[in-house]
Amino acid sequence: MSNQYVAIMAGGIGSRFWPKSRVDYPKQFLDILDVGRTLLQLTYDRFRKVCPAENIYIVTNEEYTPIVKEQLPDILPEQILEEPLRRNTAPCIAYVTNKLASRDPEASMVITPSDHFVVDPEDFAHVIKKGLSFAEEHDALLTLGIQPTKPDTGYGYIQYNDESNTEGIYQVKTFTEKPTVDIAKRFLESGDFLWNSGIFLWSLNSIQKAFNTHLPDIHEAFSQGHEVYFTDEEKDFIAQAYSICPNIAIDFGVMEKAENVYVIPSRFGWSDLGTWSSLYNVYQKDNAGNAISGNDVMTYDSKNCMVMGRDGKLIVLQGLDNYCVIDTEDTLLICDKNKEQEIKDIANDVKRIKGDKYM
28 MSNQYVAIMA GGIGSRFWPK SRVDYPKQFL DILDVGRTLL QLTYDRFRKV
78 CPAENIYIVT NEEYTPIVKE QLPDILPEQI LEEPLRRNTA PCIAYVTNKL
128 ASRDPEASMV ITPSDHFVVD PEDFAHVIKK GLSFAEEHDA LLTLGIQPTK
178 PDTGYGYIQY NDESNTEGIY QVKTFTEKPT VDIAKRFLES GDFLWNSGIF
228 LWSLNSIQKA FNTHLPDIHE AFSQGHEVYF TDEEKDFIAQ AYSICPNIAI
278 DFGVMEKAEN VYVIPSRFGW SDLGTWSSLY NVYQKDNAGN AISGNDVMTY
328 DSKNCMVMGR DGKLIVLQGL DNYCVIDTED TLLICDKNKE QEIKDIANDV
378 KRIKGDKYM
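Going from the sequence shown to our numbering is simple: count from 1 and add 27.
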């Protein structure tokens with residue numbers, strides 16, 4: 028049996044994809060690319076090229092378990108890790124690494140979001156396998172870095188030491204959260220910065236040592252459960268563990284503090300699909316640069332728009348340039364694509380003023 032595993036994080040609510048992404052049915056469960064498979068299913072398909080189906084685990088909020096079971100019918104109940112609370116990525120990763128360590132302590136693994144877009148799945152699988160081999164042979168926390176194609180302010184950046192080359196894998200110098208446009212331009216010009224993909228690879232030994240050093244309270248909360256993982260007592264134990272965990276991302280809690288962090292510069296074609304613009308960038312477009320989903324959309328003197336319609340409802344655009352037009356059953360969003368980073372704030376305002384009805 029392979030001792031390489033994948034954990035797919037599928038518990039987010041995708042608030043920047045509002046109003047299409049809703050709390051009760053967020054974007055990872057949607058066929059947002061119009062290809063007949065949801066983002067979660069596409070992620071699962073990609074990693075089936077890396078390890079057997081029984082080694083792929085899904086970490087999700089407990090309210091989404093029925094959706095996961097419906098979309099991934101081959102997944103066994105024990106392969107779905109139910110989070111009772113949203114506590115960001117560090118507790119999520121501590122949970123799955125400790126659960127796997129209780130059964131296969133010498134394993135290596137990949138941690139990945141469920142909602143990314145990859146152009147070349149074959150090259151992606153090759154890079155992942157290369158990273159897993161490195162993680163098995165070194166005490167290293169490894170991440171995939173994406174060669175930037177533009178000064179994008181929607182991504183975090185990783186600076187690497189180009190003199191520390193080990194088979195195309197480099198030691199990380201710095202992490203930078205989403206920069207300003209001017210700083211992003213300087214990063215691109217320097218040539219030693221990559222986009223942070225949020226995909227991680229490591230051995231269970233390495234990541235558990237890192238948790239013990241940098242997030243000892245979280246490590247202690249989950250490492251005490253090795254006798255209850257894969258048993259009926261797991262659910263109650265996890266509820267208690269999450270109740271005492273802080274809300275903290277793995278990037279801030281571990282990766283930015285550890286010294287044994289490495290990166291693989293990658294070019295397999297990638298987007299985190301974090302915004303409507305990122306979806307627009309990978310979508311097929313008409314001659315006017317409009318990316319259109321839905322059969323009942325007509326455009327006049329409109330260009331560079333992202334339009335998501337619904338069958339049975341006609342949408343007509345006239346004179347729009349660089350807009351998002353997103354239609355759902357109960358909500359219509361018309362937004363300047365250049366200001367789409369404000370959508371999360373708009374959604375928060377909607378919740379504050381209108382309650383949960385449109386969330």
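We put the beta carbon where it would ideally sit given N, CA and C, even for glycine.
It should be emphasised that the depicted structure is a prediction, and the values quoted were computed from it without experimental measurement.
Using beta-carbon positions only, say whether residue i and residue j come within less than 8 Å of one another.
i: R73; j: A121; result: no
i: I85; j: A37; result: yes
i: F214; j: G183; result: no
i: G172; j: S293; result: yes
i: L159; j: L231; result: no
i: P178; j: L221; result: no
i: N115; j: I373; result: no
i: T170; j: I226; result: yes
i: P53; j: G63; result: no
i: D348; j: K330; result: yes
i: I380; j: Y289; result: no
i: F295; j: D147; result: yes
i: F144; j: V309; result: yes
i: S233; j: D131; result: no
i: T180; j: A211; result: yes
i: N188; j: K200; result: yes
i: I59; j: T87; result: no
i: Q235; j: M136; result: no
i: V77; j: K156; result: yes
i: I185; j: N223; result: yes
Helix, strand or coil for residue i per DSSP?
i: C362; result: strand
i: L347; result: coil
i: E133; result: coil
i: M325; result: strand
i: D244; result: helix
i: F220; result: strand
i: S320; result: strand
i: W45; result: coil
i: T92; result: helix
i: A315; result: coil
i: G12; result: Nothing about residue 12 can be reported from this structure: the residues present for the chain run from 28 to 386 only.
i: Y307; result: helix
i: K212; result: helix
i: F202; result: strand
i: S17; result: In this structure the chain extends from 28 to 386, so residue 17 is not present and cannot be described.
i: L228; result: strand
i: A80; result: helix
i: S298; result: strand
i: P100; result: coil
i: I196; result: strand
i: K384; result: coil
i: K54; result: helix
i: K340; result: coil
i: F238; result: helix
Might you give, ordered along the chain, the residues of its own chain that have their beta carbon closer than 6 Å to the beta carbon of residue i, omitting 5 neighbours on each side?
i: K126; result: Y256
i: D61; result: S320
i: V343; result: M325
i: I413; result: Beyond the ends of the chain as shown, which are 28 and 386, falls residue 413; an answer cannot be given.
Are there 16 or more other CB atoms within 10 angstroms of the CB of residue i, so buried, or fewer, so exposed?
i: I245; result: buried
i: G39; result: buried
i: Y327; result: exposed
i: R113; result: exposed
i: P79; result: exposed
i: N314; result: exposed
i: E260; result: exposed
i: K47; result: buried
i: D217; result: Contrary to the premise, residue 217 reads as Ser rather than Asp in this sequence. S217 comes out exposed.
i: G339; result: exposed
i: E149; result: exposed
i: G252; result: buried
i: V208; result: exposed
i: G336; result: buried
i: L341; result: exposed
I need the boundaries of the alpha helix (DSSP H) containing residue i, first residue and last residue.
i: G158; result: 148 to 164
i: T124; result: 116 to 128
i: Y71; result: 66 to 74
i: L108; result: Looking at the DSSP string, L108 is not in any alpha helix (DSSP H); the run it does join, the beta strand (DSSP E), is 107 to 110.
i: K381; result: 370 to 381
i: Q267; result: 261 to 270
At a Cβ threshold of 8 Å, is residue i touching chain B?
i: W303; result: No chain B is part of this structure, which consists of one protein chain only.
For residue i, which residues in the same chain have their Cβ closer than 8 Å to its Cβ, ignoring the five residues on either side in sequence?
i: H241; result: G280, V281, K284, A285
i: E89; result: E109, E110, P111
What are the boundary residues of the beta strand (DSSP E) that includes residue i?
i: L171; result: 168 to 173
i: S293; result: 288 to 293
i: I35; result: 31 to 36
i: Q186; result: 184 to 187
i: V334; result: 333 to 335
By Cβ distance below 7 Å, which residues in the same chain neighbour residue i in space, the five residues on each side in sequence not counted?
i: A248; result: A268, I271, C272
i: K205; result: T180, G181, Y182, G183
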